[in-house]
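Counting the sequence shown from 1 gives a position; my numbering is that position plus 1400. Encoded as structure tokens, the structure appears first; notes follow it.
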Amino acid sequence: RTCMRPVSRVILLSRASKRQRAYLRHDVTITRNRKFGTEARDDHQHCVEFVQQRDREGYLCGLLMPAHARDSYFAIRAFNAELASIKDGAFPGEKRRTNENDERSSLALRLRMQWWKDALNQIYENETTSSQAQHPVVKELHRAVSTHQLTRRFLERMVNSREIDLDIVQNESLQELILYSQATQASLLYLSLESAGVRDEKADNVARHLGTAIGLVSALRSLTYRASIGEVSLPGDILQKHEVPRDFILSGAMIMPEEQQDDYFFEHKPKLIGATREIAQVAMSYLRHARNEQYSVPKPGRSSLLPVIGSMSYLERLEKHNFDPVHPSVMEDEKQRFSLMMLMARTWLLGVF
């Protein structure tokens, strides 16, 4: 059972109101008396487990979503994880080719993305007999669309942006990265709000700022992983402004052990820190704007914004360690899991982030 661990449940119960305690005692993964029956429970469980495996922070946030929105939330997050895995799983253990004359995304990747495009079309056409329609994530997303009338445009933006990203080794500009973040992360938050029954222009504005911040932070957090497969997650114009050579990132020189650090390392590490600081400060400005406007979000939709907590925690660690993106204490997300759960619990209980 992929339920909240007892320690987390006890801590939350100790501070929760009577109504919140009743919610927490409820099974947090499978809603009782589900409308669609046993098959739907299996599909939902598949989505929960897939999100738990691929999107740990999104999974923890889902445990705190309102019961009526939880099924749809996990369907949306599972859909996003499926799209992300198309590129992320394309080059396991090997460097991507970066020659501009090479085809940087295979036909197989595009076919997989087209599969999800076709699945979306069939969902909105209410097609239930195709091979796509039998996929558990597609079935759960179909139920979410039917139950909450999810906006098709947001789902299509996620697919289209991910498809374009298949060819991108490095965003050319910060603005390009911001637009990608809004098309992916902000769209996720819009859909989560809709699953909670919130359709509000002010709430969407807060979600847009939070989604942008999450996307920028994701670029910082994925720096070393992207470098390991031949990609640069930081935008080109920022690196050029701070005179950070691409090779300093791609060669692994930025994470050189202390005993091997040389003049090249000491020359360019401060430049990388400067580039990181600038991107982080942009993310912080989006967060500040969202915080100032958060009380305009209707209470039923505030749990939908919990995914920003992981990014906020990362930015705090990053600032504490002088914006060094490869500092061990900044990179060790696993060791921050308990404190992250406590931050999520606090935000859920108080309704503010």
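Every residue gets a Cβ at the ideal spot worked out from N, C-alpha and C, and that includes glycine. If you're wondering where the values come from, they're calculated on a predicted model, not measured in any experiment.
Quick one: what's got a C-beta closer than 6 Å to E1563's C-beta in the same chain, skipping five residues either side?
M1513
Candidates M1731, L1749 and R1646, of which the one nearest V1630 by Cα:
Strictly speaking, residue 1630 in this sequence is Gly, with Val absent from that position. When only C-alpha atoms are compared, the closest one is R1646.
CB of W1748 within 8 Å of CB of L1464, strictly:
yes
When H1468, R1688, S1618 and Y1580 are compared against M1731, the one with the closest alpha-carbon:
S1618
Does the distance from the C-beta atom of G1701 to that of A1586 stay below 8 Å?
no
Would you please state the rounded distance, in angstroms, between the beta carbons of A1680 and H1642? I believe it to be under 8 Å.
Rounded, the Cβ-Cβ distance is 13 Å, inconsistent with contact.
Whether or not the stretch 1514–1523 and the stretch 1590–1602 are in contact is what I'm after, with contact meaning three or more pairs of Cβ atoms, one per stretch, closer than 8 Å; do they touch?
no
C-alpha distance - D1567 paired with Y1664, whole-angstrom precision
30 Å
Can you tell me whether G1652 is buried or exposed, with buried defined as 16 or more other CB within 10 angstroms of its CB?
exposed
When you compare only the Cα positions, how much space is there between S1711 and S1622?
12 Å
So does the stretch 1526–1533 actually touch the stretch 1453–1472, counting three or more Cβ pairs closer than 8 Å?
no
Tell me, please, whether the stretch 1447–1456 touches the stretch 1478–1492 by the rule of three or more beta-carbon pairs shorter than 8 Å.
yes
On a CA-only basis, which of R1454, R1470 and A1469 is nearest S1485? Give me that one, please.
R1454
Judging by CA-CA distance, which residue of D1637, S1739 and T1551 is the nearest neighbour of S1573?
D1637
Roughly how many angstroms lie between the CA atoms of V1632 and R1552, to the nearest whole one?
31 Å
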